[in-house]
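Here is the structure we will look at, set down as structure tokens.
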Amino acid sequence: MNKLLLFPLLFSFAIQAQEITNDTLKKAVSIDSLMQSVNEHTMKFADTDERLSYLESELAKSIRIKISGYIQTQYDMYDFQDDKGPVSGSSATAPVTNSFYIRRARIKFSYETLDGVKFVIQPDFGVDKVSVKDAYAVLNDRWIQTFSLTVGQFNRINYDVEFTSNTREFLERARMTNVLYPNERDLGAKLEANFVTKYLIPLKLQLAIFNGNFGEGAIGNQVRDIDSNKDVMARATYSFQFPAKGLGVDVGAHGYFGSTKVLPQTVTNPVTPPAVFSDVNNNPFTPTVGTTLKKDWFGAEAQIYYDFLGGTSLKGEYISGTISGSTNPLETYSAFAANKVRKFDGFYISMTKNVGKYLQAAVRYDSFDPNSKLSGSQVTRADDLKYNTWTFAWQYFYDENVKIVLGYTLPINEQSNLVAGDYGTTKKDRKDNIFTIRLQARF
Numbered sequence: 038m039n040k041l042l043l044f045p046l047l048f049s050f051a052i053q054a055q056e057i058t059n060d061t062l063k064k065a066v067s068i069d070s071l072m073q074s075v076n077e078h079t080m081k082f083a084d085t086d087e088r089l090s091y092l093e094s095e096l097a098k099s100i101r102i103k104i105s106g107y108i109q110t111q112y113d114m115y116d117f118q119d120d121k122g123p124v125s126g127s128s129a130t131a132p133v134t135n136s137f138y139i140r141r142a143r144i145k146f147s148y149e150t151l152d153g154v155k156f157v158i159q160p161d162f163g164v165d166k167v168s169v170k171d172a173y174a175v176l177n178d179r180w181i182q183t184f185s186l187t188v189g190q191f192n193r194i195n196y197d198v199e200f201t202s203n204t205r206e207f208l209e210r211a212r213m214t215n216v217l218y219p220n221e222r223d224l225g226a227k228l229e230a231n232f233v234t235k236y237l238i239p240l241k242l243q244l245a246i247f248n249g250n251f252g253e254g255a256i257g258n259q260v261r262d263i264d265s266n267k268d269v270m271a272r273a274t275y276s277f278q279f280p281a282k283g284l285g286v287d288v289g290a291h292g293y294f295g296s297t298k299v300l301p302q303t304v305t306n307p308v309t310p311p312a313v314f315s316d317v318n319n320n321p322f323t324p325t326v327g328t329t330l331k332k333d334w335f336g337a338e339a340q341i342y343y344d345f346l347g348g349t350s351l352k353g354e355y356i357s358g359t360i361s362g363s364t365n366p367l368e369t370y371s372a373f374a375a376n377k378v379r380k381f382d383g384f385y386i387s388m389t390k391n392v393g394k395y396l397q398a399a400v401r402y403d404s405f406d407p408n409s410k411l412s413g414s415q416v417t418r419a420d421d422l423k424y425n426t427w428t429f430a431w432q433y434f435y436d437e438n439v440k441i442v443l444g445y446t447l448p449i450n451e452q453s454n455l456v457a458g459d460y461g462t463t464k465k466d467r468k469d470n471i472f473t474i475r476l477q478a479r480f
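If you read the sequence shown in this note's numbering, its first letter stands for residue 38, the second for the next number, and so on.
Pasting the structure below:
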């Protein structure tokens with residue numbers, strides 16, 4: 038071959054080989070860059086997924102959070118013959134005969150997890166203070182769906198107590214309930230067994246243990262136990278259902294087993310003798326420091342629901358036993374503020390009738406005798422007088438969240454000439470009636 042032709046061919050091949058090498062290097066660099074870019078985007082997508090997962094988790098939590106509440110604002114008119122009435126600041130020359138009043142303003146927060154744990158807190162916003170009404174946790178049985186354990190501050194286990202204030206037919210609970218269960222709540226633990234969920238047996242059993250002094254006296258006496266003694270409650274309810282007849286009957290019974298421990302009169306002098314008490318027969322006695330006074334009772338209840346002309350219910354409860362209290366500033370029982378031990382009994386019976394779609398009428402008669410061993414002129418103090426109270430209520434349901442209630446409370450007290458004030462047998466019933474117009478809004 039001609040040497041002149043060989044050199045151009047070799048030069049051409051060399052140039053082509055160099056171009057192939059450069060292309061290969063360029064392709065290798067491009068692939069590495071692409072892989073790096075993909076990895077970077079993958080990390081960004083993973084970060085986005087993590088953020089979305091967090092948002093989904095937070096959304097799921099917020100869905101399980103339930104917020105509810107209600108406000109009860111009312112206008113009261115008092116029929117009082119004494120010089121002060123129920124409102125402080127009244128006087129004999131200018132008695133308070135009417136007043137606007139915020140009875141309750143509450144918000145309830147509840148959170149329930151998927152594994153059967155529930156948390157509840159409910160503050161009550163008063164005009165002059167904010168207090169915690171409910172603060173408790175519930176552990177639900179995940180295995181046989183029957184048992185639950187509640188720990189914290191919650192309602193005592195009684196029908197009238199557990200019947201929530203925003204759906205109750207009457208403006209207030211019965212006098213007996215307010216005396217035996219002041220503030221309705223207490224601090225403690227409750228074990229509950231509900232056999233309807235798993236076994237379709239409409240039986241519920243409750244057992245609770247409490248400090249026993251919540252809602253009684255100074256707030257400092259409520260945040261923890263004052264005497265180390267605990268009060269125990271037990272309750273059982275059973276439901277009978279007759280769907281064909283539109284009839285339902287609930288029956289139940291409960292017992293309260295507690296005590297009032299006699300404490301010294303002062304913290305600085307623990308051997309200071311306590312005050313003079315009076316026993317169930319109104320005889321004086323002076324207990325020693327550390328003595329426990331009886332505080333126990335038994336009750337029976339029944340509720341009947343009948344689908345008659347829009348719906349009718351008939352409810353009643355009877356409680357009898359022994360109660361004790363103290364005016365000691367270290368304990369002070371506000372609903373039973375006296376150095377005494379008393380046998381008592383009480384009951385209430387109520388009927389509620391729906392009238393059309395938006396109206397409801399209710400009437401209740403309740404009786405409470407704080408000293409069933411004595412009556413009439415044997416009674417020497419006002420807080421031992423028996424009260425029979427008529428309560429009337431008329432409700433208009435504006436919508437599912439708002440209702441207007443007209444209520445009239447008519448207490449009739451036992452009379453005794455040995456009791457000072459307006460309770461003598463020569464006088465008529467003491468004037469202490471209250472007429473109320475209440476607007477309730479809830480969400």
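Glycine residues also receive a C-beta, built at the ideal position from the N, C-alpha and C atoms.
Could you tell me which residues DSSP pairs with residue i in its beta bridges?
i           : result
residue 177 : 185
residue 266 : Its beta-bridge partners do not exist; DSSP assigns none.
residue 339 : 288 and 353
residue 363 : Per DSSP, none; premise fails for residue 363.
residue 116 : 470
residue 111 : 138 and 475
residue 104 : 146
residue 229 : 185 and 243
residue 449 : 425
residue 192 : 222
residue 168 : 161
residue 271 : 244 and 292
residue 302 : Bridge partners of residue 302: none, in fact.
Taking residue i as the reference, which of the options has the closest Cα?
i           : options               : result
residue 166 : 225, 139 and 184      : 139
residue 161 : 146, 281 and 133      : 146
residue 377 : 475, 316, 213 and 260 : 316
residue 148 : 363, 101 and 106      : 101
residue 380 : 215, 188, 410 and 244 : 410
residue 447 : 441, 460 and 425      : 425
residue 242 : 266, 449, 349 and 292 : 292
residue 260 : 290, 272, 247 and 271 : 247
residue 389 : 224, 104, 349 and 215 : 349
residue 275 : 230, 475, 109 and 451 : 230
residue 423 : 352, 132 and 450      : 450
residue 452 : 338, 466, 142 and 300 : 466
residue 108 : 137, 284, 132 and 143 : 143
residue 267 : 277, 280, 279 and 251 : 251
residue 480 : 155, 439 and 471      : 439
residue 443 : 294, 340, 174 and 114 : 114
residue 187 : 174, 419 and 222      : 174
residue 336 : 214, 445 and 286      : 214
residue 177 : 156, 208 and 445      : 156
If we count the other Cβ atoms within 10 Å of its Cβ and call it buried at 16 or more, is residue i buried or exposed?
i           : result
residue 455 : exposed
residue 469 : buried
residue 112 : exposed
residue 458 : exposed
residue 211 : buried
residue 219 : buried
residue 437 : exposed
residue 150 : exposed
residue 171 : buried
residue 407 : buried
residue 22  : The structure shown has nothing for residue 22, since the chain only spans 38 to 480.
residue 245 : buried
residue 134 : exposed
residue 314 : buried
residue 473 : buried
residue 477 : buried
residue 441 : exposed
residue 159 : buried
residue 168 : exposed
residue 104 : exposed
residue 278 : exposed
Problem - Any alpha helix (DSSP H) of 4 or more consecutive residues that is wholly inside the segment 367-447 - result: none
Practice task
Taking 8 Å as the threshold, find out whether the segment 328-339 comes into contact with the segment 351-360 through three or more Cβ pairs.
Solution key: yes
Practice task
Mind the definition here: the segment 319-326 touches the segment 340-356 only if three or more C-beta pairs lie below 8 Å; say whether that holds.
Solution key: No: the two stretches stay apart, fewer than three of their Cβ pairs being nearer than 8 Å.
Handout entry: Stretch-stretch touch, CB-based, cutoff 8 Å, three pairs: the segment 382-397 with the segment 432-449
Key = yes
Practice task
Taking 8 Å as the threshold, find out whether the segment 184-196 comes into contact with the segment 204-213 through three or more Cβ pairs.
Solution key: no
Problem - the segment 232-249 in contact with the segment 170-188 per 3-pair CB rule at 8 Å - result: Proximity of the segment 232-249 to the segment 170-188 meets the contact definition, three or more beta-carbon pairs being nearer than 8 Å.
Handout entry: Three or more C-beta pairs below 8 Å linking the segment 382-390 and the segment 401-420
Key = yes
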